[in-house]
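These protein sequence lines map, in sequence, to chains A and B.
Quick note: the first sequence, position 58, residue 58 per full-length UniProt numbering, numbers continuous.
Quick note: the second sequence, position 153, residue 153 per full-length UniProt numbering, numbers continuous.
Report on one structure; see the data block that follows.
Number of protein chains: 2
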Amino acid sequence: MIDEISLNILKILQEKARIPNVEVARQVGMAPSAVLERIRKLEKMGYIDGYEVRLNPERFGKSQVAFIHVHTDGKDVDPGLVDTLAAIPQVQEIHFVDGGDSYFLKVRATDTSSLGHLVRQRIAPLKGVISTNTTIVMNTFKETARIPIDEKDLA
Amino acid sequence: MIDEISLNILKILQEKARIPNVEVARQVGMAPSAVLERIRKLEKMGYIDGYEVRLNPERFGKSQVAFIHVHTDGKDVDPGLVDTLAAIPQVQEIHFVDGGDSYFLKVRATDTSSLGHLVRQRIAPLKGVISTNTTIVMNTFKETARIPIDEKDLA
DNA sequence: TTTGAAAATCCCCGCTC
DNA sequence: GAGCGGGGATTTTCAAA
């Protein structure tokens, strides 16, 4: 199980992941080495999956976000379909959703043109794919991977 | 503009964001101080937005992912609607999408029950919201914020 | 958990190209 | 302007209590 202090450490790290340990230690009022030990333990126990650098999508010409609903033939689907989709770097997320053999993708492309190319040339032709339904994002107001940390439902 | 080496640094950081500078320097074959200077510049120029810790959602009882299509009355929408939604910690993403005055949310809840509560008690009652349409995620195969770095379309 | 000391790293500054 | 290297401050790490 996880206690109040570790929870606090995680909240601090979620705010700013790249602050020195000493600073975290100061904020929770513990010795730096103890904090380090806790973080290492949280990593080993799987509470912390890793650390990511967050790049500015616009600077890399990847500001066109879209969601693609991919309907598949549940009986004749290529078992490697998910892997094939996952191998496409522009595909950031792949979810299997309810409502009949369909996947839901979040993709990030350069523009609507390249998005169209992605859908028609790379996704639609895949074996088992019956149809696709793309929702174009015109404006993004919030986009974070931050998780609400509630003490009550920890695993 | 950005050159081959900086691109390389970014790719390395996208793999593992929390490696020491010296290690990055070794991999790109440059002096640590030069690498540091490049990273600082990338941060200042807005290519790097920040650093995030990636927590394991399951460990925090937040494994129920869902997408919510929120239809609004375009004429009578509360100007603070987006802010209100953004203030809900379980709402990770808010996009404005095409197809008529509607928002698209990605949310992360504890279970379907709490998800239902979230939709009915917190979102549906908001002024300007006409209807909502929730897609439940049953299985997630890929979920990353990583951006494909193509040299050709840099800004 | 803390302390304390050793090792590694960070990062400013001057030098060179 | 960009890269390199020195060196002191900072931080990380590890041992012992």
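In this text, a Cβ means the ideal position worked out from N, Cα and C, and glycines have one as well.
- Message: Just to confirm the assignment, what range does the alpha helix (DSSP H) spanning LYS41(A) have?
- Response: 32–44
For this session: Within its chain, find whatever has a CB closer than 6 Å to the CB of LYS62(A); leave out the 5 residues flanking it on each side and keep chain order.
Result: ARG108
Coarse secondary structure for ASN56(A), derived from DSSP in three states
coil
* Would you check if the distance between the CB atom of THR134(A) and the CB atom of ALA66(A) is smaller than 7 Å? => A distance below 7 Å separates the beta carbons of THR134(A) and ALA66(A).
- Query: Pick from GLN121(A), ILE94(A), LYS75(A), LYS127(A): whose alpha carbon is nearest that of GLU143(B)?
  - Reply: With distances taken between Cα atoms, GLU143(B) lies closest to ILE94(A).
ask   = Since PRO148(B) meets chain A, which of its residues come closer than 7 Å, beta carbon to beta carbon?
value = LYS62, PRO89, GLN90
Helix, strand or coil: how does DSSP classify GLY116(B) here? helix
Beta carbons nearer than 7 Å to chain B: which residues of the UniProt domain "HTH asnC-type" (2–63) of chain A have them?
LEU10, LEU13, GLN14, ALA17, ARG18, GLY46, TYR47, ILE48, ASP49, GLY50, TYR51, GLU52, VAL53, ARG54, LEU55, ASN56, PRO57, GLU58, ARG59, PHE60, GLY61, LYS62
### Task
Quick one: grab the DSSP three-state call for ALA109(A).
strand
- Out of LYS75(B), ILE68(B), LYS16(B), GLN14(B), state which residue places its alpha-carbon closest to the alpha-carbon of ILE123(B). ILE68(B)
Exercise. Using three-state DSSP, classify GLN14(A) as helix, strand or coil.
Key: DSSP places GLN14(A) in helix when its eight states are reduced to three.
Does the stretch 7–26 of chain A come within contact of the stretch 21–34 of chain B, defined as at least 3 CB pairs closer than 8 Å? no
- Message: Taking a contact to mean a Cβ-Cβ separation below 7 Å, would you say LEU118(B) touches GLN64(B) in this structure?
- Response: no
Neighbouring residues, chain A, relative to ALA145(B) (Cβ below 8 Å): GLU52, ARG54, GLN92, ALA145
- Message: Per the DSSP calculation, PHE67(B) is bridged to which residue(s)?
- Response: LYS106(B), THR135(B)
| task | Would you decide whether ALA17(B) is buried or exposed? Buried here means 16 or more other CB atoms lie within 10 Å of its CB. | result | When all chains shown are included, ALA17(B) counts as buried.
Going by DSSP, name the residue or residues bridged to LYS142(A). ILE94(B)
*GLN121(A): buried (16+ other C-beta within 10 angstroms of its C-beta) or exposed?*
exposed
#### Entry: Three-state secondary structure assigned by DSSP to ILE48(B)
strand
For VAL129(B), which three-state DSSP category applies? strand
#### Entry: Cβ-Cβ separation, ALA145(B) to GLU58(A) (assumed contact under 8 Å), whole Å
Going by Cβ atoms, the distance from GLU58(A) to ALA145(B) rounds to 14 Å, so no, they are not a contact pair.
- prompt: Ends of the alpha helix (DSSP H) at ALA124(B)?
  reply: Neither: ALA124(B) is in no alpha helix (DSSP H) and is coded neither H nor E.
Requested in this report: Report yes or no: do three or more beta-carbon pairs, one from the stretch 40–55 of chain A and one from the stretch 70–84 of chain A, lie closer than 8 Å?
Outcome: Short answer: they don't touch.
- Query: Buried or exposed: where does THR112(A) fall if 16 or more other Cβ atoms within 10 Å of its Cβ makes it buried?
  - Reply: Taking all protein chains shown into account, THR112(A) has fewer than 16 neighbouring C-beta atoms within 10 Å of its C-beta and is therefore exposed.
Short check: CB of VAL70(B) to CB of THR110(B), under 7 Å? Contact: no.
Discussion item. Only counting the same chain, and skipping five residues up and downstream in sequence, which positions put a Cβ closer than 7 Å to that of GLU151(B)?
Written reply: LEU7
task = Using only alpha-carbon positions, find the residue among ILE9(A), ILE149(A), ASN56(A), GLN90(A) that is nearest to ILE88(B).
result = ILE149(A)
>> Less than 7 Å between C-beta atoms, sequence neighbours within five positions excluded: which residues of the same chain meet that for GLY128(B)?
In response: Here the set comprises THR72, ASP73, ASP76, VAL77, ASP78, LEU81.
* Measure the alpha-carbon distance for ILE12(B) versus ILE130(B) and round it to whole angstroms. => 46 Å
Practice problem: Grab the span of the alpha helix (DSSP H) containing ASP83(B) for me, first residue to last. | Solution: Membership of ASP83(B) in the alpha helix (DSSP H) is indicated by the continuous run 81–86.
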